[in-house]
Amino acid sequence: MSPVSLNRLLSSTLKKPRLVFYPLPPPSTLQITDPSLYHRHRPFSENPQSQPPEIPFLKTPTRTPLETQFETWTQNLKPGFTPTDVDTAIRAQSDPDLALDIFRWTAQQRNYKHNHITYLTVIKILISGRRYRQAETLIEEVIAGACEISVPLYNSMIRFCCGRKLLFNRAFDIYKKMLKSEDCKPTLDTYTLLFNSLLRRFNKLNVCYVYLHAVKSLTKQMKASGVIPDTFVLNMIIKAYAKCLEVDEAVRVFREMGLYGCEANAYSYSYLVKGLCGKGRSGQGLGFYKEMKGKGLVPSGSTYMILICSLGMERRFEEAIGVVFDMLGDSMSPDLLTYRTVLEGLCREGMVDKAFELLEEWRKKDGFMGEKNYKSLLNGLHFVSRQLDTVFRASCSKLLDVRGDSAAASAGEEVAVASAFQERDNAIFPMMNVDCLTT
């Protein structure tokens, strides 16, 4: 580097001012015309008036109402308290969490152990308060042997498990433990809970057969243990057989109801009628229906409609029409499919006039039919009648072609065919049977 360049570099460096940072004076020495400008930028922790710092641990902690109530009840429990005292304290709580806290605190005290009464009380409170996870934990403790077993406690546990989808199998584990015990055998309430839980899973036919085996096994165990079923339990057994279309077994259980001192009700007959109609034995189902009506029992709407459709598909229209009038007389309204099964079936049998007359009559009696359903039924009848008209004309044309080529064709037959056309054109619905032209 040349001496001239070095000189220039040194001179430019010396000409630049040096940057020196001096500490700011304290805010009290600053000359500020408006004090608010200073206070606006002060930290929030600073206080214009110097105060001694507060010591956090000298503050008195505030207690929540639940903590206060918990301490009150624990102080009321005198030393040597019994499970009855704890049960009274738990029952007095409106908050399920507080009841569980008292239950857990008492369990940790010396020379005290919960019994089946306290467990039953706290489990019921937790279930009613929707504390299902805590209730499940207590149930597992009882199954593990935390207290002696009792029928009310175990039935309550089974009821809870039957109501929870994931605990369905656990309910039967509790039931098996009851079977093995000497002084806690299953009762009628136990079997009622289990049957009801099984029947709720009979939603599809293939699933029904899986659970039907459990129903049969449970029925045998109930009879072997000497438990006498009531009408509700027998109806559930009948329903299980009818759902699986084992109608003979359903009828057998129905006939045995008198042996247990039970009387069949509307549900008993309805399950039988549905099962028999589903099996294709609508005649036998109609017999049970008439027996039911003779006793003054009223079938359900689904029973009515299943019976009507079954009779209609078997072309027993007179009986189906009678059941429709019975249903309307009981202030029930058939659905659109039930009406169509009967009315369109009548049309296909050539009784179109009667079908339209019935539609008008049922419209007057059925206040729930509605204009939309009425028009749908009316259009359906017109469509079926037009189909019959097309078939009728095709049959007559074919008959004329065949007989027109024959030398033996008579003028009387041609007149009969022509009059048939005229009657079909003038009337809305056909009344002539095609078979009459071939005789």
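Position 404, counted from 1, in the sequence shown is what the UniProt record's numbering calls 404; the numbers after and before it change by one each time, with no gaps. Ideal Cβ placement from N, Cα and C applies to all residues, glycine included. Small disclaimer: the values here were computed from a predicted structure and weren't measured.
For residue i, the three-state DSSP class (helix, strand or coil)
i: methionine 369; result: coil
i: alanine 250; result: helix
i: alanine 411; result: Only weak support is given to the placement of alanine 411: the predicted model assigns it a pLDDT of 49, under 50, and the value that follows is read from those uncertain coordinates. DSSP places alanine 411 in helix when its eight states are reduced to three.
i: alanine 144; result: coil
i: asparagine 379; result: helix
i: arginine 159; result: helix
i: glutamine 422; result: Because glutamine 422 sits at a pLDDT of 48, beneath the cut-off of 50, its placement in the model cannot be relied upon, and the point is left open.
i: phenylalanine 81; result: coil
i: glutamate 263; result: coil
i: histidine 114; result: coil
i: leucine 30; result: Legend: pLDDT at leucine 30 = 46, less than 50; position of this residue unreliable, no value from coordinates given.
i: isoleucine 228; result: coil
i: threonine 64; result: coil
i: arginine 386; result: helix
i: glycine 345; result: helix
i: lysine 364; result: helix
i: aspartate 101; result: helix
i: isoleucine 90; result: helix
i: asparagine 235; result: helix
i: glutamine 75; result: helix
i: arginine 130; result: coil
i: arginine 164; result: coil
i: isoleucine 149; result: coil
i: proline 43; result: Annotation note: pLDDT 47 at proline 43 (below 50); position unreliable, no value reported.
i: phenylalanine 21; result: Any reading at phenylalanine 21 is ruled out, since the residue's pLDDT is 43, under 50, leaving its predicted position unreliable.
i: glutamine 69; result: helix
i: lysine 124; result: helix
CB-CB length for residue i against residue j, believed under 8 Å
i: leucine 381; j: glutamate 357; result: Their Cβ separation, rounded to whole angstroms, is 11 Å, which puts leucine 381 and glutamate 357 out of contact at 8 Å.
i: leucine 234; j: alanine 214; result: That belief does not hold up - the Cβ atoms of leucine 234 and alanine 214 are roughly 17 Å apart, past 8 Å.
i: cysteine 208; j: cysteine 244; result: 5 Å
i: serine 156; j: lysine 124; result: 6 Å
i: serine 282; j: glutamate 314; result: 6 Å
i: isoleucine 228; j: tyrosine 260; result: 6 Å
i: tyrosine 175; j: isoleucine 158; result: 6 Å
i: alanine 266; j: leucine 297; result: 4 Å
i: tryptophan 73; j: alanine 89; result: 5 Å
i: valine 86; j: tyrosine 119; result: Contact doesn't hold; Cβ gap of about 11 Å is too wide.
i: leucine 311; j: leucine 346; result: Actually they are not in contact, since the Cβ atoms of leucine 311 and leucine 346 sit about 12 Å apart, beyond 8 Å.
Range covered by the alpha helix (DSSP H) that runs through residue i
i: serine 94; result: Taken as a continuous stretch (DSSP letters only), serine 94 belongs to no alpha helix (DSSP H), as it is neither H nor E.
i: aspartate 335; result: Segment: none, aspartate 335 is in no alpha helix (DSSP H) and carries neither H nor E.
i: glycine 350; result: Where glycine 350 is concerned, there is no enclosing alpha helix (DSSP H), given that its DSSP letter is neither H nor E.
i: phenylalanine 168; result: 168-180
i: methionine 305; result: 301-313
i: residue 502; result: Only positions 1 to 439 of the chain appear in the structure, and residue 502 is not among them; the question remains open.
i: leucine 245; result: No alpha helix (DSSP H) contains leucine 245, which DSSP labels as neither H nor E.
i: valine 323; result: 317-329
i: aspartate 189; result: 188-199
Heavy atom of the ligand GTP within 7 Å of residue i beta-carbon
i: phenylalanine 232; result: This structure lacks the ligand GTP; in fact it carries no ligand of any kind.
### In chain order, each alpha helix (DSSP H) run of at least 4 residues that lies wholly inside the UniProt repeat "PPR" (265-299)
When DSSP assignments are scanned along the UniProt repeat "PPR" (265-299), the uninterrupted stretches of alpha helix (DSSP H) that are 4 or more residues long and fall wholly within it turn out to be 266-278 and 282-294.
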